[in-house]
Amino acid sequence: MDHPDNTYHLSELHVDAALRGRGIGGALLGHAEGEARRQGRATMSLTTTTVNPARRLYERNGFRVVETRTDRDYERYTGIEGRHLMVKELA
Ligand SMILES: CC(C)(COP(=O)(O)OP(=O)(O)OC[C@H]1O[C@@H](n2cnc3c(N)ncnc32)[C@H](O)[C@@H]1OP(=O)(O)O)[C@@H](O)C(=O)NCCC(=O)NCCS
């Protein structure tokens, strides 16, 4: 999926499985947002699979799904229907 112009794109977000559910992912998102604002970016963006519960974390932090793309080959290889592009406006 194409990212918006002047976006701060998060390509990966991972927390050690033993430490999840304690707010670390949210804190990392907040840290990334600080960096995005420092760089003067207009938006933040990321993609996530259509089945990933992380979507709730992103929505709680102001991201919205702006595009969903499904692909039969992707589904055949991964068992997952597709991906969402999520964007947060920083203005
Ligand atoms: C997504 C991830 C970074 C969140 O880290 P965290 O420290 O647990 O985050 P927080 O404690 O701040 O927030 C917990 C939220 O994570 C999401 N979550 C819960 N289980 C999850 C899972 N198995 N996989 C992904 N996200 C999950 C939920 O939105 C949860 O909030 P909710 O239950 O209130 O809706 C972490 O679950 C992870 O590393 N998952 C595996 C990798 C991954 O899926 N990364 C995202 C790729 S887009």
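In this note's numbering, the protein residues as written are 31 to 121.
Backbone N, C-alpha and C define an ideal beta-carbon position, used for all residues, glycine too.
This one's a predicted model, so the numbers in the text were calculated from it and none came from an experiment.
Which residue marks the beginning of the beta strand (DSSP E) containing residue i, and which one marks its end?
i: residue 108; result: Per DSSP, residue 108 belongs to no beta strand (DSSP E); it is in the alpha helix (DSSP H), 102-108.
i: residue 12; result: Lying before the first or after the last residue shown, residue 12 is absent from the chain, which here runs from 31 to 121.
i: residue 39; result: 37-39
Give the single residue among the options whose Cα lies nearest to the Cα of residue i.
i: residue 80; options: 109, 46, 48 and 49; result: 109
i: residue 52; options: 87, 37 and 38; result: 87
i: residue 56; options: 117, 90, 39 and 73; result: 90
Would you identify the three-state DSSP class for residue i, choosing helix, strand or coil?
i: residue 112; result: strand
i: residue 52; result: coil
i: residue 89; result: helix
i: residue 42; result: coil
- Item | Sufficient close CB pairs (3 or more, under 8 Å) joining the region 97-112 to the region 59-71 | Contact fails: fewer than three Cβ-Cβ distances are below 8 Å.
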